[in-house]
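Q:
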Amino acid sequence: MKHDWQRVLIVGCSGAGKSTFAWQLSETLGLPLVSLDKEFWQPGWQVTPSDVWRERAQALADQDQWVMDGTYASSLDLRIPRADVIIFFQLPRMLCLYRAMKRAVGSYGRVCKGMAAGCPERIDFEFLKYIWRFKKQTEPLIQDAYVKYGSGVDLITLKKPRDVDLLLSKIRPV
0 MKHDWQRVLI
10 VGCSGAGKST
20 FAWQLSETLG
30 LPLVSLDKEF
40 WQPGWQVTPS
50 DVWRERAQAL
60 ADQDQWVMDG
70 TYASSLDLRI
80 PRADVIIFFQ
90 LPRMLCLYRA
100 MKRAVGSYGR
110 VCKGMAAGCP
120 ERIDFEFLKY
130 IWRFKKQTEP
140 LIQDAYVKYG
150 SGVDLITLKK
160 PRDVDLLLSK
170 IRPV
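Following numbering that gives the first Met the number 0, the numbering of the sequence shown begins with 0 at its first residue and continues without gaps.
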């Protein structure tokens, strides 16, 4: 399956495998990887102010090429219209929780690839609640944003780990 995608937006729940997939897709397509976790978080897990974040998200979306990893619903209106395709990870909640906990335990205290400097891996109850509530609270925001801003943008939904592997195995640059 050959693709001439220049801007790929990857969204979905934490722990679904978005970052790993984004890194692999970036390598496969030869497109720059943009990790929104690295762009959004400030040292010590400080949140970027909303106005600054929107400007940064717009500047990132305005680039000619990217594989952009991150949901960040507050800026979907800026990023969706610029995407050629959206890859939406909708893997089971328990799998996402398991993977997030495994990552937190295995990398505890270290800054993971794709994360902002000064943001070491930790076990955070609020983060686990975010994953638990993602399907009811955040997925509808993604779906609504796609309806509002995604006219002409392809949408690929991945619901199982094997869907992820299959898609990656089929993608080849033009």
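Just so you know, even glycine gets a beta-carbon here, dropped at the ideal spot from N, CA and C.
Let me make sure I understand the geometry here. Which of Leu-167, Lys-158, Phe-39, Ile-170 has the alpha-carbon closest to that of Cys-95?
A: By one-based count along the sequence shown, residue 95 stands at place 96. Closest by alpha carbon: Lys-158.
Q: Restricting to runs no shorter than 3 residues, where is the beta strand (DSSP E) found entirely within the region 80 to 130?
A: 84 to 88
Q: Counting C-beta neighbours from all protein chains within 10 Å, is the total for Asp-171 16 or more, i.e. buried, or is it exposed?
A: Walking along the sequence shown from the start, residue 171 turns up at place 172. It is Arg, not Asp, that sits at residue 171 in the sequence shown. It counts as exposed.
Q: Which residue from Ala-56, Gln-45, Lys-17, Asp-162 puts its Cα closest to that of Ala-115?
A: For the purposes of this step, residue 115 is taken as the residue at position 116 of the sequence shown. Considering only alpha carbons, the answer is Gln-45.
Q: Taking the alpha-carbon positions, what's the His-2 to Asp-153 distance?
A: One-based indexing of the sequence shown puts residue 2 at position 3. One-based indexing of the sequence shown puts residue 153 at position 154. Each residue's alpha carbon lies about 12 angstroms from the other.
Q: As a quick exercise: from Phe-87, Ile-122, Val-84, Pro-80, pick the residue whose alpha carbon is nearest that of Arg-174.
A: What is shown of the chain runs 0 to 173, which leaves residue 174 out entirely.
Q: Can you give me the Cβ contacts of Val-7 inside the same chain, cut-off strictly under 6 angstroms, excluding the 5 residues immediately before and after it?
A: For this step, residue 7 is matched to residue 8 along the sequence shown. Same-chain partners within the cutoff: Val-66, Val-84.
Q: Following the continuous alpha helix (DSSP H) through Thr-19, name the residue where it begins and the one where it ends.
A: As a first step, residue 19 must be located in the sequence shown, where it is residue number 20. Unbroken alpha helix (DSSP H) run through Thr-19: 17 to 28.
Q: So the alpha helix (DSSP H) Ile-155 belongs to, where does it begin and stop?
A: Numbered from 1 along the sequence shown, position 156 holds the residue referred to as residue 155. Counting along the chain, Ile-155 falls outside any alpha helix (DSSP H), though it belongs to the beta strand (DSSP E) covering 153 to 157.
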